[in-house]
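Student:
Protein chains in written order, with full-length UniProt numbering: chain A, 1 to 224; chain B, 1 to 479.
1. Measure the CB-CB distance between residue 108/A and residue 155/A and report whether it falls below 8 Å.
2. Let me see if you follow: with CB-CB separation under 8 Å, is residue 4/A close to chain B or not?
3. Whole alpha helix (DSSP H) runs in the stretch 392-417 of chain B with 4 or more residues, listed along the chain?
4. Check whether chain B comes within 8 Å of residue 36/A, counting only Cβ atoms and requiring the distance to be less than that.
5. Would you grab the beta carbon distance between residue 171/A and residue 48/B for me? Rounded to a whole angstrom, and I think it's under 8 Å.
6. So residue 198/B is in the alpha helix (DSSP H); what residue range does that whole segment cover?
7. Would you call the stretch 278-294 of chain B in contact with the stretch 231-244 of chain B, where contact means no fewer than 3 C-beta pairs closer than 8 Å?
8. Is residue 10/A helix, strand or coil by DSSP?
9. Taking 8 Å as the threshold, find out whether the stretch 194-202 of chain A comes into contact with the stretch 51-63 of chain A through three or more Cβ pairs.
10. Does DSSP classify residue 369/B as helix, strand or coil?
11. With a cut-off of 8 Å, does the C-beta of residue 205/B fall near any C-beta of chain A?
12. Let me see if you follow: with CB-CB separation under 8 Å, is residue 63/B close to chain A or not?
13. Restricting to Cα atoms, I'd like to know which of 419/B, 368/B and 332/B is closest to residue 16/B.
14. Report the neighbours of residue 70/B on chain A: residues whose CB is nearer than 8 Å to its CB, in chain order.
15. Looking at chain A, is there any beta carbon in it that lies within less than 8 Å of the beta carbon of residue 165/B?
16. Among 424/B, 296/B and 53/B, which has the Cα closest to the Cα of residue 115/B?
17. Taking 8 Å as the cut-off, decide whether the C-beta atoms of residue 38/B and residue 266/B are in contact.
18. What in chain B is Cβ-close to residue 122/A, meaning under 8 Å?
19. Three Cβ pairs or more, each shorter than 8 Å: is that satisfied between the stretch 255-262 of chain B and the stretch 299-314 of chain B?
20. Determine the closest residue to residue 441/B out of 51/B, 449/B and 368/B, with distance taken between C-alpha atoms.
21. Contact between the stretch 332-342 of chain B and the stretch 271-281 of chain B: three or more CB pairs below 8 Å?
22. Taking the alpha helix (DSSP H) that residue 29/A falls in, what are its first and last residues?
23. Residues of the stretch 186-207 of chain A in Cβ contact with chain B at a cutoff of 8 Å, in chain order, please.
24. From residue 411/B to residue 418/B, what distance separates their C-alpha atoms?
25. Taking 8 Å as the limit between beta carbons, can you name the residues of its chain near residue 219/B, skipping five residues before and five after?
26. Looking at C-beta atoms only, is the number of pairs between the stretch 113-121 of chain A and the stretch 43-50 of chain A that lie closer than 8 Å three or more?
27. Would you call the stretch 74-91 of chain B and the stretch 100-108 of chain B touching, i.e. three or more CB-CB distances under 8 Å?
28. By the 7 Å beta-carbon criterion, what residues does the stretch 167-191 of chain B contribute toward chain A?
29. DSSP beta-bridge partners for residue 84/B?
30. Which runs of the alpha helix (DSSP H) fall wholly inside the stretch 248-331 of chain B and span at least 4 residues, in chain order?
31. Who does residue 237/B pair with in a DSSP beta bridge?
32. Going by DSSP, what residue range makes up the alpha helix (DSSP H) through residue 39/A?
33. Check each candidate in 153/A, 134/A, 8/A and 112/A and name the one with the smallest Cα separation from residue 162/A.
34. Return the chain-ordered list of same chain residues with a C-beta closer than 7 Å to the C-beta of residue 79/A, the five sequence neighbours on each side being excluded.
35. For the stretch 173-183 of chain A against the stretch 1-11 of chain B, do three or more pairs of beta-carbon atoms, one drawn from each stretch, fall closer than 8 Å, so that the two count as touching?
36. Mind listing the chain B neighbours of residue 144/A? Cutoff is C-beta to C-beta under 9 Å, in chain order.
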């Protein structure tokens, strides 16, 4: 008997004491097919501008910096402005995201835009969010060539562009959108849910920013 | 890791006399409690979410075999591999086989209690594979050759001066005159030292907070980002997880996430919640080529359906130890194995046997704070009592204690005799105490009076006083 069978056998022996197997199988299939939502807290259940404002507030509470721009064309300028304010070299790393590519980066003279996965020399990464969660100030980034995972973790500064219309009240809504995009039961290789910049409280419980991931997280919310 | 739980009493005594430890624990007990309370108070639905989270795990445990099979199917469908391990040894061997096949010399590790449970680091080192812990706390204790003293804050028992000393001892390539007096500089140094390791490692090992049956996804919840670098940069990602980590759906994981971080660190969400499903896809510019999951039982299947079944709901948040007066007093190392605090006192005997877990189920005042803060509503005090009963049944507690309990039980089972004995003993003790009303010392009560005074009893027994009260109520006169 394989190890797998030995373990499953023990679990079955412990479980089948009370219920028969057909009913158990049905219960499992039903739950996996229906994916019922649990209790959703009231906090995130607000609409429109109120929801965007809640997202910004929650993100700032976890020490992300947030700025709002009117249209996506304003993003390259906002990025340049951020680099200057932090005394960073005019160079950013980003993936193949179409929304980012449509922006007029050439308008920012002397700004270098490097494409592809991040390497240790990169100081600033730029990503475009799939969605965000107002309840907790969380940003959702699936992996792929559009937004490589290394861009989220390797550079010291991470800038994430978020379309205001993609801000959901709760994580469950983001999960539903993922299912629509990737198919039921399927996921991108990686989904990063990011809530603030990297931190550690491992030395005397003092929360310090910039443990191993980005030291700073800057969110640009596009209103249009 | 060698089980030292039978030495709990000696270790506890040493811990109480350890000034460094007491200083560190003094900070620990204030921080966690206040942060959790603030986060919980800010979410009116918190208690209902606890019940919801509990119901999800109860449902999952009832159907654990089926959800594991469903999970396995999805992992395979997404290009990953599943390795079943019945024992710690099976799991270690499975990890080593994967490392060997990958030609690995160095593995980076995200924070994982399960790899502590199977003592993976020592084993890999012996086999010529160098494990590098990348979580700041884990990195510090790896330098010290220690084990975690807390399940979410491995270096909770240390002060920053001790960390500075270790960094100076080990990072000899850095200038000796550097300033390491602040936690910021220590964190910066660890970041600088560990950065290249992620890029050099051949294999990255993480644990899992959840496994999702619906999608074959493993989830880690972290603050530092080290777990993400660990699983993104090397060619091979190994997830080591125990079988009770599975939940049915993404919605179920989301529900439990709402109570996890709040109970652990008082955050609404931890910084990085990362959902991994299989290896790199054809289009992916980064990510591992291989994705393996080691599914470990190591005694958990034997808890299912027993009086310790509910312990399998545990999500390892650490709230029970953060609120435990015994843990505050002695720290995590006194417990002598991987899991300290109330959850450890229940889990350790379940996993290694009550004969080896010694005094752990007795390391409790039964104040009940652990159960009241547990996000999964696990009846920890009840289960510690169950262990004490088993310990007594099997004759594992010390002779003096057994004799004392037996002596008391003899009288307790004979109410007439009990009343007679107490009606003689109580006035005698009361008389002996005189007008001071307390004892500084008393024969057979040295364990108590060495550290505090013993209050003297009233001159009449409870039963006598009760009878008087009832007589008075019925309009009679006091005897």
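Positions of the beta carbon are idealized from the N, C-alpha and C atoms, including for glycine.
Tutor: Inspection of the coordinates gives the following:
1. no
2. yes
3. 399-412
4. yes
5. Contact flag wrong, Cβ pair sits at about 17 Å.
6. 183-200
7. In short, these stretches touch, since the Cβ pair count reaches three.
8. helix
9. Judged by Cβ distances under 8 Å, the stretch 194-202 of chain A makes contact with the stretch 51-63 of chain A, as three or more pairs qualify.
10. helix
11. At least 8 Å separates the CB of residue 205/B from every CB of chain A.
12. yes
13. 332/B
14. 28 and 32
15. no
16. 296/B
17. yes
18. Those do not exist, as residue 122/A stays about 13 Å from chain B at its closest Cβ, beyond 8 Å.
19. no
20. Here the closest residue by C-alpha is 449/B.
21. no
22. 21-34
23. Taking 8 Å as the Cβ-Cβ cut-off against chain B, the residues of the stretch 186-207 of chain A that qualify are 186, 187, 188, 189, 190, 191, 192, 193, 194, 195, 196, 197, 198, 199, 200, 201, 202, 203, 204, 205 and 206.
24. 5 Å
25. 208, 209, 210, 211, 212, 253, 273, 274, 275 and 276
26. no
27. no
28. 183, 184, 186, 187 and 191
29. Looking at the DSSP assignment, residue 84/B forms a beta bridge with 295/B.
30. 250-264, 319-322 and 325-330
31. 204/B and 291/B
32. From DSSP, residue 39/A is part of no alpha helix (DSSP H); its letter is neither H nor E.
33. Selection 153/A, 134/A, 8/A and 112/A evaluated against residue 162/A yields 134/A as nearest (Cα-Cα).
34. 92, 126 and 159
35. no
36. 281, 283, 284 and 285
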